[in-house]
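Asks: I'd like to ask you about the structure that follows.
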């Protein structure tokens, strides 16, 4: 399986100009390839294949200024874009898409924009120690700019073997205000001793970012999400302040200051997601749990109105990225990943094993914020109740009955992912708090 490691590039002015110019040429090459395919489609109604587009495009000046491998990879991306376009047209024709849905042809990139650079493994040159890699440039580009050819030399992360790298990508961020380098490399799946009859369910939310219930001993854990809300709160406040300054000065474009704080926010949230994923997978490996069940958030993010502030928080927290990272980790360690619709899981009484559907419950079930009163008379954390119902959609009912019988779900642990270790009681949400160290796998 393949994984990607990415870092923001720290470059001197000369290196930045080279990368920025190549990224600009990459955008030009994409538009050239796209123009050829679009015109062929408009004139004939047919698709221009990658091979035919290659022979038409290779005479363009942008093709020769870029390394041939870069140009070919760009044309392949054009090819994939149009294959997706024709696939959607066919799906609409076959009735797989709504009739009123508009299928749009791939559009050109902004003339002042930047685009991805892809360097396949065959054209990478590594140092003897494997700690550095040099990215190739075309002869024409080096002559035009008076370059030696070793200017694009970057460090390779110590945990990546040079022989495992399949390609390196340089991606523009905020129209080239900064750049990321991405290493795509092979990782061998690891065989772990896991029990296919054990489950861990996850209910995603805001203050309680992820509520975990596992079937081994029935323990419940809440990963605190208030830190992410705090990150977003500061980001929104600072962006609003900068926007007011821009308005007074008549500035319309996205500024470097805005770019920096946006990147910082992205890094902080990405770090939080990595720690959360590592914690979840570590629990599974430690307790030999073979299945993870995650609730799908379609209803929360698209249909339900939680108020302006909560709606904004839901949109700004990339739950999709958490699930993608978690799914990748599961594949690496052989854990089965399940994603289920969490409709009605928060309102259905899990302790009473009610059918998971729309229930005629009144508001007395939610006695206060974060607490759910079961018809059995037991008070349980509301998100734990939802997580139990998510597990019920996949696991055998006898497994869930054993969890409920343990009584451990009645008082979950709340953890804050950090590097310090502390502990305190939080009776207001019927849980105990703990700050734990999330180590990388």
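Residue numbers (full-length UniProt numbering): 1 to 441. Note that CB positions come from ideal geometry on N, CA and C, so glycine has one too. In this text, all values refer to a predicted model and were calculated from it rather than measured experimentally.
1. For residue 37 versus residue 53, is the C-beta distance shorter than 7 Å?
2. Under a Cβ-count criterion, where at least 16 other Cβ atoms within 10 Å of its own Cβ denotes burial, should residue 42 be classed as buried or exposed?
3. Can you give me the C-alpha to C-alpha distance between residue 163 and residue 152, rounded to a whole angstrom?
4. Span of the beta strand (DSSP E) holding residue 26?
5. Going along the chain, which residues of its own chain have a beta-carbon closer than 6 Å to the beta-carbon of residue 386, five neighbours each way excluded?
6. How about residue 114 and residue 177: are their beta carbons less than 7 Å apart?
7. Once you ignore the five residues that flank residue 281 on each side, which residues in its own chain have a CB closer than 8 Å to its CB?
8. Within this structure, are the beta carbons of residue 169 and residue 124 separated by less than 7 Å?
9. Going by DSSP in three states, residue 64 sits in which element: helix, strand or coil?
10. Mapping DSSP to helix, strand and coil, what is residue 376?
11. Take every Cβ of the region 228-238, pair it with every Cβ of the region 394-401, and state whether three or more of those distances are shorter than 8 Å.
12. Helix, strand or coil, according to DSSP, for residue 262 in the structure here?
13. Would you say the beta carbon of residue 265 comes nearer than 6 Å to a heavy atom of the ligand ADP?
14. What do you reckon, are the CB atoms on residue 155 and residue 132 nearer than 7 Å?
15. On the criterion of 16 or more Cβ atoms from any shown chain inside 10 Å, does residue 277 qualify as buried, or is it exposed?
16. Under DSSP, the beta strand (DSSP E) around residue 446 begins and ends at which residues?
17. From residue 403 to residue 219, what distance separates their C-alpha atoms?
18. What is the DSSP secondary structure of residue 184, reduced to helix, strand or coil?
19. Can you give the Cα-Cα distance for residue 306 and residue 24, rounded to whole angstroms?
20. Of the choices 160, 376, 136, 137, whose alpha-carbon is the least far from that of residue 129?
21. Can you list the alpha helix (DSSP H) stretches of 4 or more residues lying completely in the UniProt domain "Probable transposase IS891/IS1136/IS1341" (183-300), in chain order?
22. Starting from residue 338, trace the beta strand (DSSP E) both ways and give me its first and last residue.
23. Express the C-alpha separation of residue 380 and residue 357 in angstroms, rounding to a whole number.
24. When we look at the beta-carbon of residue 240 and count the other beta-carbons within 10 Å, is it buried (16 or more) or exposed?
Replies: With the given structure in hand:
1. Against a cut-off of 7 Å, the Cβ pair of residue 53 and residue 37 comes out as a contact.
2. In this structure residue 42 is exposed. Its beta-carbon is surrounded by fewer than 16 other beta-carbon atoms within 10 angstroms.
3. So the alpha carbons of these two residues sit roughly 19 Å apart.
4. Segment 13-44 is the alpha helix (DSSP H) holding residue 26; no beta strand (DSSP E) there.
5. Take residue 386, set aside five residues on each side of it, and the residues of its chain with a beta-carbon closer than 6 Å to its own are 203, 345, 346, in chain order.
6. No, the Cβ-Cβ distance between residue 114 and residue 177 is not below 7 Å.
7. Closer than 8 Å at Cβ, skipping near neighbours: 326, 329, 330, 333, 335, 441.
8. The answer is no: Cβ separation not under 7 Å.
9. Reduced to three states, the DSSP call for residue 64 is helix.
10. Three-state result, residue 376: coil.
11. They do not touch, by the three-pair rule.
12. Here residue 262 sits in helix by DSSP.
13. Because no ligand of any kind appears in the structure shown, any question about the ligand ADP cannot be addressed here.
14. Residue 132 is positioned such that its CB atom lies closer than 7 Å to that of residue 155.
15. When all chains shown are included, residue 277 counts as buried.
16. Here the chain covers residues 1 to 441 and nothing more, so residue 446 does not appear.
17. Rounded to whole angstroms, residue 403 to residue 219 spans 8 Å at the Cα level.
18. Strand at residue 184.
19. Because the pLDDT of residue 306 is 49, which lies under 50, any placement of that residue in the model is unreliable, and the number read from its coordinates should be weighed accordingly. Using only the alpha carbons, I get a separation of about 42 Å.
20. Nearest to residue 129 by alpha-carbon distance, out of 160, 376, 136, 137, is 160.
21. Runs of the alpha helix (DSSP H) inside the UniProt domain "Probable transposase IS891/IS1136/IS1341" (183-300): 226-249, 256-287.
22. Residue 338 -> beta strand (DSSP E) spans 336-341.
23. Counting only the Cα atoms, residue 380 lies some 20 Å from residue 357.
24. Exposed is the label assigned to residue 240, since fewer than 16 other Cβ atoms lie within 10 Å of its Cβ.
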